[in-house]
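Below is one structure, written out as structure tokens, with a few remarks after it.
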Amino acid sequence: MSTIREGAAQVPAEKRPGVWTRTRRGRTALLYLLPSFILFGVFVFYPMFRTIYLSFFLTDQRGDAAVFVGLDNYRYLLESAAFLNSAKATILFVLYTVPAGVVIALFLALLANEKLKGIGFFRTVYSSTMGVSVAAASVVWLFMFHPSIGMFNRFLALFDIGQIQWLLDPDWALFSVAISTIWMNTGFSFLILLGGLQNIDEHLYESAKIDGAGYFYQLRRITLPMLSPTLFFIITISLINAFQSFGQIDILTKGGPAQSTNLIVYSIYREAFVNYQFGTASAQAVFLFLCILVVTILQFKFGERKVHYQ
Amino acid sequence: MTMSLPKKLIFYTLLTISAIVLFFPIVYAFLISFMTGPELMQGKFLPESFHLDNYIKVFDRLPLLNYLLNSFIVSAGVMLGQLAVCSLAAYAFVFIPFKGRDFVFFLFISTMMIPWEATMIPNFFIIQNLNWLNTYQGLTLPFFALAFGTFLLRQHFKTIPKELHEAAQVAGLGPFAFFRRVVLPVSKTSLVTLGAYGFLTTWNMYLWPLLVTTNDSVRTVQIGLKQLQSQEVATDWGVVMAGVIVVIIPTLLLLFLGQKQLQKGLTQGALK
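Sequence order for the protein chains is L and Y. Counting from 4, one number per residue, gives the positions in the first sequence under the working numbering. Counting from 281, one number per residue, gives the positions in the second sequence under the working numbering.
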């Protein structure tokens, strides 16, 4: 009996290699991917599901789910003036920072893409804000916005214009924070756009020059179309960055005055780590996640043609 | 390709004005870091002398040296961790044709759609439950896996000729030996790019260190700046700016040295 069984088991084994052998490549690959899998699992995927889960609960002080409330957290948020205000401030902030930031970085990249003597120096200066942390930049801007001894109001005083309460006036605060944020992000956007410009084939310009095309004609007909994937990429990144702004708010305004700069991440932070309302904080985090999701999906959908990973 | 003189002049003017405007906050902070309180009140632009009093004071008031060391350990730790984890994953994508590769690829991409801030609440509790508050591993480990870094290296690994891989297999080199002795050495440039990027972003990190450090033991310089600023408001801005300059010098140096490299590498990882 036993020999027959053995024989029976061996026949298919000879025809097809065993599961163990067939999956050898898969197992080797798994070994290399394992660190990433574990880390993504523990610090990205599990927390994301946990955030969604917690958003349906009231929580205790230790952040554990206590009472299931269904969609009540979401309903509460959509009716809460504070959250709607925070959502509005975030959208305004995105509108203030993204278009202006991209245009400024593009302008600088176009300037720095010219083949001129000493251009390396200018490139270094333009990318320098990337080396300045959000905390350091915010402290510097906090001083520049200082009502009496700050640079901006001193400058205005030269022209006998009265002081502006840059960070203390609810009408100005978000705008002021936006200006400082544009400055902080310029270095990175510039670097990416300059890289995109340098990838454009030189020959395209040579034939345009022979045809006697001017600078702006070349810009419109060659540079911008060829740069569009990079532009699209940097717009996406800027959008995501704007949604995620936190450090400048924490240092410059703490969400004030009158909640006018209480951007979504700052609002989540306060709800969770100051008020200990982890349920409603999680519901806000889900909103943030959805915003970023939409932006990224748009990026993949429309940027796909030229901006692709595979 | 030579430009006419008036055109050159226009470009240099625009370049210079932009550079002055953009670099102004950094120069301003630098100048103020040498000023005394009264000098500031008078609204001077240049300090009377370049004395180092404010710098001595800032190291006195904060354990700044400690914070600098912490920031350095955390940034270097994340940098090395990212290089190891990302290069292993990128190797699997390029050199091991396994079933389900598309799915795994999608999994990596999907991590890019999840903002860190949306997961920070559970992450905070994970670190707390592991008893990792105020530890280096709590500050570094969550950032080791990085989809962007994996794609950046994958891009470079793909340029390694297939023949090299075949030759290595014929020579009896196992996958890990091939990875360590061939793939990593020839990809030095993109490893340096990713390393610089990882170091820079970690050095500048703000929200996570704010959450997981509750005392001075592993606190980083960025949180030190927040402390300094909230202690010193209305009094000694010179000292605060001295702190700012100390904090940004390492990253500015790194950026000045690696600007070209970083620009090439980041564009490659982002596009294509």
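Note that CB positions come from ideal geometry on N, CA and C, so glycine has one too.
Next item on the list: Check whether the Cβ atoms of Y:PHE310 and Y:GLN362 sit closer than 8 angstroms, and answer yes or no.
Entry: Along the second sequence, read from residue 1 onward, the residue named residue 310 of chain Y stands at position 30. Along the second sequence, read from residue 1 onward, the residue named residue 362 of chain Y stands at position 82. No, the pair does not count as a contact, with Cβ atoms beyond the cut-off.
Item checked: Within chain L, the residues that Y:GLU319 reaches when beta carbons sit closer than 8 angstroms -> Stepping through the second sequence from its first residue, residue 319 of chain Y is reached at position 39. What Y:GLU319 touches in chain L: nothing, since even the nearest Cβ is about 11 angstroms away.
Notebook entry, point to check: L:LEU113 to L:LEU207, Cα distance in whole Å?
Noted result: Here the question's residue 113 of chain L lines up with position 110 in the first sequence. Here the question's residue 207 of chain L lines up with position 204 in the first sequence. So the alpha carbons of these two residues sit roughly 16 angstroms apart.
Item checked: Classification of Y:ILE336 by the beta-carbon crowding that lies within 10 angstroms, buried from 16 upward -> Your numbering for residue 336 of chain Y matches position 56 in the second sequence. So Y:ILE336 counts as exposed.
Next item on the list: Tell whether a beta-carbon distance below 8 angstroms holds between Y:LEU487 and L:MET133.
Entry: For this step, residue 487 of chain Y is matched to residue 207 along the second sequence. For this step, residue 133 of chain L is matched to residue 130 along the first sequence. It is not a contact, given that the beta carbons lie outside the stated cut-off.
Note to self: I'd like to know whether the C-beta atoms of L:ALA138 and Y:GLN502 end up nearer to each other than 8 angstroms.
What the structure shows: Here residue 138 of chain L corresponds to residue number 135 of the first sequence, with the count starting at 1. Here residue 502 of chain Y corresponds to residue number 222 of the second sequence, with the count starting at 1. Going by C-beta atoms, L:ALA138 is nearer than 8 angstroms to Y:GLN502.
Check: Would DSSP call Y:PHE303 helix, strand or coil?
Finding: Residue 303 of chain Y sits at position 23 when you count from the first residue of the second sequence. In the three-state scheme derived from DSSP, where H, G and I count as helix and E and B as strand, Y:PHE303 is classed as helix.
Note to self: DSSP has L:THR62 in a bridge; who is on the other side?
What the structure shows: Residue mapping note: residue 62 of chain L aligns to position 59 of the first sequence, counting from 1. Answer is L:ALA68, bridged to L:THR62.
Check: Is there a Cβ from chain L that is less than 8 angstroms from the Cβ of Y:VAL520?
Finding: Start at 1 with the first residue of the second sequence, and residue 520 of chain Y comes out as number 240. Using beta-carbon distances, Y:VAL520 counts as an interface residue toward chain L, with a partner under 8 angstroms.
Note to self: Rounding to the nearest angstrom, what Cα-Cα distance links L:LEU159 and Y:LYS287 in this structure?
What the structure shows: One-based indexing of the first sequence puts residue 159 of chain L at position 156. One-based indexing of the second sequence puts residue 287 of chain Y at position 7. Going from the Cα of L:LEU159 to the Cα of Y:LYS287 covers about 33 angstroms.
Note to self: Which of the three DSSP states is assigned to L:THR264 in this structure?
What the structure shows: Indexing the first sequence from 1 puts residue 264 of chain L at position 261. The DSSP-derived three-state label of L:THR264 is coil.
Next item on the list: State buried or exposed for Y:ASP516, treating a residue as buried only when at least 16 other CB atoms are found within 10 Å of its CB.
Entry: Reading the second sequence from its first residue, position 236 is the one you call residue 516 of chain Y. Buried.
Note to self: Using only CA atoms, which one of L:GLY121, L:LEU296, L:GLU274 lies nearest to L:SER2?
What the structure shows: Within the shown structure, residues of chain L are numbered from 4 to 313, placing residue 2 of chain L beyond reach of any answer.
Check: Would a check of beta-carbon distances place L:SER136 closer than 8 angstroms to chain Y?
Finding: Here residue 136 of chain L corresponds to residue number 133 of the first sequence, with the count starting at 1. L:SER136 counts as touching chain Y.
Margin query: If distances are taken between C-alpha atoms only, which option among Y:LEU433, Y:THR296, Y:LEU302, Y:THR482 comes closest to L:SER183?
Written below: What you label residue 183 of chain L is simply residue 180 of the first sequence in a count that begins at 1. Nearest option by C-alpha distance: Y:LEU302.
Note to self: Tell me the DSSP secondary structure of L:ARG8 in three-state form.
What the structure shows: One-based indexing of the first sequence puts residue 8 of chain L at position 5. Confidence at L:ARG8 is low in this model, with a pLDDT of 45, below 50, so its placement is unreliable and the value that follows should be read with caution. Correct three-state label for L:ARG8: helix.
Margin query: Please list the terminal residues of the continuous alpha helix (DSSP H) segment that includes L:GLU117.
Written below: Walking along the first sequence from the start, residue 117 of chain L turns up at place 114. Note, L:GLU117: premise wrong, no alpha helix (DSSP H); not H, not E.
Note to self: Our contact map puts Y:SER367 next to Y:LEU289 with C-beta atoms below 8 angstroms; I'd like the distance itself, whole angstroms only.
What the structure shows: As a working mapping, residue 367 of chain Y is identified with position 87 in the second sequence. As a working mapping, residue 289 of chain Y is identified with position 9 in the second sequence. Incorrect: roughly 48 angstroms between the Cβ atoms, too far for contact.
Checklist line | L:LYS120 versus L:VAL128: straight-line alpha-carbon distance, rounded | finding: The residue you call residue 120 of chain L lines up with position 117 of the first sequence. The residue you call residue 128 of chain L lines up with position 125 of the first sequence. L:LYS120 and L:VAL128: Cα-Cα distance of roughly 15 angstroms.
Margin query: Run through chain L and tell me which residues come within less than 8 angstroms of Y:GLY323, C-beta to C-beta.
Written below: On the second sequence, position 43 is the one that residue 323 of chain Y refers to. Those are ILE152, ARG157, listed as they occur along chain L.
Checklist line | Buried/exposed call for Y:ASN484, threshold 16 Cβ in 10 Å | finding: Here the question's residue 484 of chain Y lines up with position 204 in the second sequence. The residue in question, Y:ASN484, is buried, as its Cβ has 16 or more Cβ neighbours within 10 Å.
Check: When DSSP labels each residue in this structure, what does L:HIS149 get in the three-state scheme?
Finding: As a working note, residue 149 of chain L is residue 146 in the first sequence. It is coil, neither helix nor strand.
Check: Of all the residues that make up the stretch 377-391 of chain Y, which are near chain L by a beta-carbon distance shorter than 9 angstroms?
Finding: Close to chain L, meaning a Cβ-Cβ distance shorter than 9 angstroms, are the following residues of the stretch 377-391 of chain Y: PRO377, PHE378, LYS379, GLY380, ARG381, ASP382, VAL384, PHE385, LEU387, PHE388, ILE389, SER390, THR391.
Checklist line | Closer than 8 angstroms at the beta carbon, the chain A residues around Y:VAL527 | finding: Judged by its chain identifiers, the structure shown contains no chain A, and its protein chains are L and Y.
Next item on the list: For L:PHE249, return the contacting residues in chain Y, with the cut-off set at a CB-CB distance below 8 angstroms.
Entry: One-based indexing of the first sequence puts residue 249 of chain L at position 246. Ordered by position in chain Y, the residues that pass the 8 angstroms Cβ test against L:PHE249 are GLU397, TYR486, LEU487.
Check: Under 8 angstroms Cβ-Cβ, which residues of chain L neighbour Y:GLN509?
Finding: To locate residue 509 of chain Y, count along the second sequence from 1; it is residue 229. Near Y:GLN509 (Cβ distances below 8 angstroms), the residues of chain L are VAL142, LEU145, ILE254.
Note to self: Relative to the C-alpha of L:GLY66, which candidate in Y:ILE312, Y:ILE407, Y:ILE353 has its C-alpha closest?
What the structure shows: Walking along the first sequence from the start, residue 66 of chain L turns up at place 63. Taking each of Y:ILE312, Y:ILE407, Y:ILE353 in turn and checking the Cα distance to L:GLY66, the smallest one comes out for Y:ILE407.
Check: Under a CB-based cut-off of 8 angstroms, is L:TYR220 close to chain Y?
Finding: Within the first sequence, the letter at position 217 stands for residue 220 of chain L. Residue-level contact by beta carbon fails for L:TYR220 and chain Y, as no gap is shorter than 8 angstroms.
Note to self: Output needed for L:VAL72: all residues of its chain with C-beta closer than 6 angstroms, excluding positions within five of it in sequence on either side, in chain order.
What the structure shows: Counting from one through the first sequence, the residue named residue 72 of chain L turns up at place 69. Once the five neighbours on either side are set aside, the close Cβ partners of L:VAL72 are LEU61.
Next item on the list: Mind listing, in chain order, the continuous alpha helix (DSSP H) runs of no fewer than 4 residues lying wholly within the stretch 405-486 of chain Y?
Entry: Taking only runs of at least 4 residues, the alpha helix (DSSP H) segments lying wholly in the stretch 405-486 of chain Y are 416-420, 427-437, 442-450, 455-458, 468-483.
Notebook entry, point to check: Which chain L residues sit within Cβ distance under 8 angstroms of Y:ASN403?
Noted result: Counting from one through the second sequence, the residue named residue 403 of chain Y turns up at place 123. Neighbours of Y:ASN403 on chain L, chain order: PHE46, PRO50.
Notebook entry, point to check: What residues from the stretch 306-317 of chain Y come within 8 angstroms of chain L, judged by C-beta to C-beta, listed N to C?
Noted result: For chain L, the residues of the stretch 306-317 of chain Y that bring a beta carbon within less than 8 angstroms of one of its beta carbons are ILE306, TYR308, ALA309, ILE312, in chain order.
Checklist line | Limits of the alpha helix (DSSP H) - the one that L:TRP186 falls within | finding: Translated into positions along the first sequence, residue 186 of chain L becomes position 183. Here the alpha helix (DSSP H) through L:TRP186 covers 176-201.
Notebook entry, point to check: Where do the ends of the alpha helix (DSSP H) carrying Y:PRO395 lie?
Noted result: As a position in the second sequence, residue 395 of chain Y is number 115, starting the count at 1. No alpha helix (DSSP H) holds Y:PRO395; DSSP gives it neither H nor E.
Item checked: Cβ-Cβ distance between Y:ALA370 and Y:ARG434 below 8 angstroms -> On the second sequence, residue 370 of chain Y is found 90 positions in, with the first residue counted as 1. On the second sequence, residue 434 of chain Y is found 154 positions in, with the first residue counted as 1. Yes, Cβ-Cβ distance for Y:ALA370 and Y:ARG434 is below 8 angstroms.
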